[in-house]
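Quick notes on the structure that follows.
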Amino acid sequence: MAQARKPVQVTVSINGPYLVVGDIPLATQTVVADDDGGSEDWKEGPPIDHPASYALCRCGMSQSKPFCDGSHKKVGFDGTETASRQAYLDQAQTLEGPTHALTDAQNLCAFARFCDPNGQVWSQVSASEDPQVRATFLRQVNQCPSGRLVAWDRSTGEPVEYPLPVSIGLVEDPVEACSGPLWLRGGIPVVSSDGFVYEVRNRVTLCRCGQSKNKPFCDGTHAAVHFRDD
Ligand code: FES
């Protein structure tokens with residue numbers, strides 16, 4: 055008999071770590087660049103050992119990253135959640151192409167830059183009747199870790215969302231020589247410190263450098279502050 059999957063959840067604690075339950079697999083996810091330095095693919099690292107429930111650093115100051123070591127208390131971390139609680143589609147702008155559409159919620163950008171190669175996704179969508187452009191467009195949009203970008207099939211009205219395994223990625227960005235957010239994959243519910251359940255999505259990035267202005271989500275600041283998970 056197939057085993058029922060354990061309920062998974064990430065809870066944002068007040069000025070403290072992310073509390074992870076449900077034995078969610080954890081591994082590094084590294085941005086692989088093409089010859090021009092453009093983001094081309096993701097490379098998953100080996101699984102990282104963890105107990106079934108664990109606490110991930112949110113302030114960026116732990117000496118035991120990615121896990122919390124209590125440093126948030128010593129540094130007086132202010133983890134106030136400032137992100138919009140609107141659903142993604144209420145935050146996003148839509149760009150219609152011939153066969154597909156693109157929705158874009160800019161404030162969720164995690165600066166992974168998969169949107170940029172091959173003439174950028176915003177141009178690709180307007181040429182989506184070309185099967186080759188369309189395939190590139192769908193791949194690049196689905197590689198966007200934060201879910202800022204979503205592709206839609208105009209004939210069905212449905213999102214084109216590649217399935218991802220339930221897992222947490224620790225983003226590494228060698229081109230920018232920095233570490234990035236926690237990449238929550240496969241629809242992991244995120245609960246705020248006051249009990250609000252953010253919209254459950256296939257791709258979500260949570261800040262782990264402590265510096266985002268859109269907490270708990272990443273806003274790309276980790277690159278500007280050269281955050282390192284050493
Ligand atoms: S990890 Fe991206 S802004 Fe903090």
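Quick note, in our numbering, the sequence shown goes up one by one and the last residue is 284. We put the CB at the ideal spot given by N, CA and C, even for glycine. These numbers were taken from a predicted model, which means no experiment stands behind them.
Pull up the distance between the alpha-carbon of residue i and that of residue j, whole angstroms please.
i	j	result
V204	P185	18 angstroms
Y216	R202	15 angstroms
L80	A87	22 angstroms
Q197	G114	25 angstroms
H104	P152	46 angstroms
D283	R112	12 angstroms
Q117	G70	15 angstroms
R257	L238	6 angstroms
Does DSSP classify residue i as helix, strand or coil?
i	result
S125	helix
Q83	strand
T136	coil
Y142	helix
Q177	Here residue 177 is Ser; the residue named in the question, Gln, does not match the sequence. Residue state, collapsed to three classes: helix.
V195	helix
A106	coil
Looking at chain B, is there any beta carbon in it that lies within less than 8 angstroms of the beta carbon of residue i?
i	result
F168	Annotation note: the requested chain B is absent from the structure, which comprises a single protein chain.
What are the residues that DSSP puts in a beta bridge with residue i?
i	result
D207	H154, E212
A189	Paired residue(s): none; A189 is not in a bridge.
C169	Partner(s): none; C169 has no beta bridge.
G223	A81, W237
K119	DSSP lists no partner for K119.
C232	D227
Q160	Its beta-bridge partners do not exist; DSSP assigns none.
L288	This structure does not reach residue 288, given that the chain is present from 55 up to 284, and the question cannot be answered.
F271	L260
L73	T65, A109
Is it the case that the Cβ atoms of residue i and residue j are separated by a distance below 8 angstroms?
i	j	result
R193	G92	no
E212	A141	no
A146	W206	no
L224	T82	yes
R188	S180	no
S107	V74	yes
D273	C163	yes
V244	L260	yes
Q265	V251	no
E230	A277	yes
T190	Q178	yes
T287	K269	Nothing about residue 287 can be read from this structure; the chain reaches only from 55 to 284.
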